[in-house]
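**Student:**
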Amino acid sequence: MGTLRVPNVVPSADQDCERLKKAFDGWGTDEKAVIRVLGCRTTSQRRIIKDRYQQLYNESLIHRLHSELSGDFGKAVILWTQDPPERDARLAKDALRIKKKGIKHLEVIVEVACASSPHHLMAVRQAYCSLFDCSLEEDIASTVDMPLGKLLASLVSSYRYDKEVVDMSVAKSEAATLHEAIKAKQLDCDQVAWILCTRNFFQLRATFNCYKLNYGNPIDQDIKGCGNEDLESLLKMVIWCIDSPEKHFAEVIGKSIIGLGTDEDSLTRAIVSRAEIDTMKIRGEYYNMYNSSLDNAVIGDTSGDYKNFLMTLLGAKI
44 MGTLRVPNVV PSADQDCERL KKAFDGWGTD EKAVIRVLGC RTTSQRRIIK
94 DRYQQLYNES LIHRLHSELS GDFGKAVILW TQDPPERDAR LAKDALRIKK
144 KGIKHLEVIV EVACASSPHH LMAVRQAYCS LFDCSLEEDI ASTVDMPLGK
194 LLASLVSSYR YDKEVVDMSV AKSEAATLHE AIKAKQLDCD QVAWILCTRN
244 FFQLRATFNC YKLNYGNPID QDIKGCGNED LESLLKMVIW CIDSPEKHFA
294 EVIGKSIIGL GTDEDSLTRA IVSRAEIDTM KIRGEYYNMY NSSLDNAVIG
344 DTSGDYKNFL MTLLGAKI
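With positions in the sequence shown counted from 1, the corresponding number in the numbering used here is that position plus 43.
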């Protein structure tokens, strides 16, 4: 369940566009007006606003936001206003452009492949091809070293059945296959990738549950110490995104806030991408992990319009 608050009576797209145009025109920008309009509209409503703004004023709303807003606030509003498939395609491209990529940079690709619906993944792949004249798989293969690149390319290439269909005999058999691979410290074997990249999410959750019941530990614990730290970390991320996306995103937010400085890009991505999906669950997981309130953590580590925008997406009234 998301935290986005939409007014009981939503203004027309024309009215919202007029408010945005007024916020942009004149001396300075009325950032609060931008937050109150865009920060309180659903994906479909924002899409209509963008289209209508272009029709009314013969200019792109995204381009106008680029010229009017700046810093982390501007980045967050623009990410939020973009269509989700385009947003995720651009985030994936930015991650793949980094020359010395670490596991942290690959998070967004795992999230798109494993914490989103199969339909969204397909839409991201199509947007990626349209925007960058190549496929997401091609870019992964050419920029991410093995064995991480092989696993990521397989994950984004998959198209999973999205209905709740589970075969418990398959779950038990594939839990045993995963256990044998972990015992042999062969996390990069084809069978592991095949299971994680082809089975529907409900089937995989049943497999992970069988693993824990039959072998005593959660599978993400047992993969530690298998010899390739980066592959272990990537597989843990894959498992969490499939089994409990809210747990993964709570950790992303926690790591972005706790410690010296703030990783605004990761914080923004987590809140923007999940505000309409499961931020209520992320709140609960965050408290379980860190014994503190997610909202208080965001308030304590951000400021100004950036803070107000993130808190608006988390359901606060600004």
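Backbone N, C-alpha and C fix where the C-beta goes; we use that ideal spot for every residue, glycine too.
Is it true that the CB of Ala318 sits closer than 8 Å to the CB of Ile296?
**Tutor:** No, these two residues do not count as a Cβ contact at 8 Å.
**Student:** Where Gly358 and Phe352 are concerned, what is the direct C-alpha to C-alpha distance, given to the nearest angstrom?
**Tutor:** 10 Å
**Student:** Helix, strand or coil for Pro161, going by three-state DSSP, please let me know.
**Tutor:** helix
**Student:** Would you mind reading off the limits of the alpha helix (DSSP H) that contains Pro50?
**Tutor:** Here Pro50 belongs to no alpha helix (DSSP H), and DSSP marks it neither H nor E.
**Student:** Using beta-carbon positions only, say whether Val151 and Val281 come within less than 8 Å of one another.
**Tutor:** no
**Student:** DSSP state of Asn351, grouped into three classes?
**Tutor:** helix
**Student:** Quick check on Met44: does DSSP put it in helix, strand or coil?
**Tutor:** coil
**Student:** Compare the beta carbon distance of Gly45 and Asp321 with 8 Å and say whether it is the shorter of the two.
**Tutor:** In this structure, Gly45 lies near Asp321, with their beta-carbon atoms less than 8 Å apart.
**Student:** Spell out a yes or no on whether the region 332-341 and the region 173-185 are touching, meaning 3 or more CB-CB pairs, one atom from each, closer than 8 Å.
**Tutor:** no
**Student:** Tell me the rounded alpha-carbon separation between Thr124 and Ser287.
**Tutor:** 26 Å
**Student:** Mind checking His291: buried by the 16 CB within 10 Å criterion, or exposed?
**Tutor:** When all chains shown are included, His291 counts as buried.
**Student:** From Asp231 to Pro190, what does the alpha carbon distance come to, in whole angstroms?
**Tutor:** Answer to the nearest angstrom: the Cα atoms are 7 Å apart.
**Student:** When the Cα of Gly69 is compared with those of Gln58, Asp57, Pro50 and Glu111, which residue comes out closest?
**Tutor:** Glu111
**Student:** Using CA coordinates, which residue listed in Arg95, Pro161 and Lys144 is at the minimum distance from Cys240?
**Tutor:** Pro161
**Student:** Counting pairs of beta carbons, one from the region 299-313 and one from the region 266-275, are three or more of them closer than 8 Å?
**Tutor:** Under the 8 Å Cβ criterion, the region 299-313 does not count as touching the region 266-275, having fewer than three qualifying pairs.
**Student:** Taking Thr72 as the reference, give the member of Met332, Leu108, Thr355 and Ala340 with the closest Cα.
**Tutor:** For Thr72, the nearest C-alpha among the options comes from Leu108.
**Student:** Taking all protein chains shown into account, decide if Ile141 is buried (16 or more other Cβ within 10 angstroms of its Cβ) or exposed.
**Tutor:** exposed
**Student:** Kindly confirm or deny that the region 234-250 and the region 203-211 touch, where touching means at least three C-beta pairs closer than 8 Å.
**Tutor:** yes
**Student:** When the Cα atoms are used, what is the spatial distance from Phe116 to Arg90?
**Tutor:** Looking at the two C-alpha atoms, the distance is approximately 20 Å.
**Student:** Near Asp131, which residues of its chain fall below 6 Å by C-beta distance, leaving aside the five closest residues on each side in sequence?
**Tutor:** Val155 and Val167
**Student:** Cβ atoms of Val235 and Ala224: under 8 Å apart, would you say?
**Tutor:** yes
**Student:** Just the C-alpha distance for Lys279 and Asn101, rounded to the nearest angstrom, thanks.
**Tutor:** Cα atoms of Lys279 and Asn101: separation of roughly 47 Å, rounded to the nearest angstrom.
**Student:** In the region 156-241, which residue ranges form an unbroken alpha helix (DSSP H) of at least 4 residues, counting only runs that do not cross its ends?
**Tutor:** 161-175, 179-186, 191-200, 211-226 and 233-241
**Student:** Threshold first: 3 residues or longer. Then list the beta strand (DSSP E) segments lying entirely within the region 52-134, N to C.
**Tutor:** none
**Student:** Report the three-state DSSP secondary structure of Ser276 (helix, strand or coil).
**Tutor:** For Ser276, the secondary structure class from DSSP, reduced to helix, strand or coil, is helix.
**Student:** When you compare each of Ser346, Leu277, Ile238 and Tyr204 to Ser216 by their alpha carbons, which one comes out closest?
**Tutor:** Ile238
**Student:** Taking the straight line between their C-alpha atoms, what separation do you get for Lys226 and Asn257?
**Tutor:** 14 Å
**Student:** Buried or exposed for Lys360, please, with buried defined as at least 16 other CB atoms from any protein chain shown within 10 angstroms of its CB.
**Tutor:** exposed
**Student:** Kindly indicate which residue of Val49, Gly145, Val199 and Glu294 has the alpha-carbon position closest to the one of Arg84.
**Tutor:** Minimum Cα distance to Arg84 is reached at Val49.
**Student:** What's the call for Lys65, buried or exposed, on a 16-neighbour Cβ count within 10 Å?
**Tutor:** With fewer than 16 Cβ atoms within 10 Å of its Cβ, Lys65 is classed as exposed.
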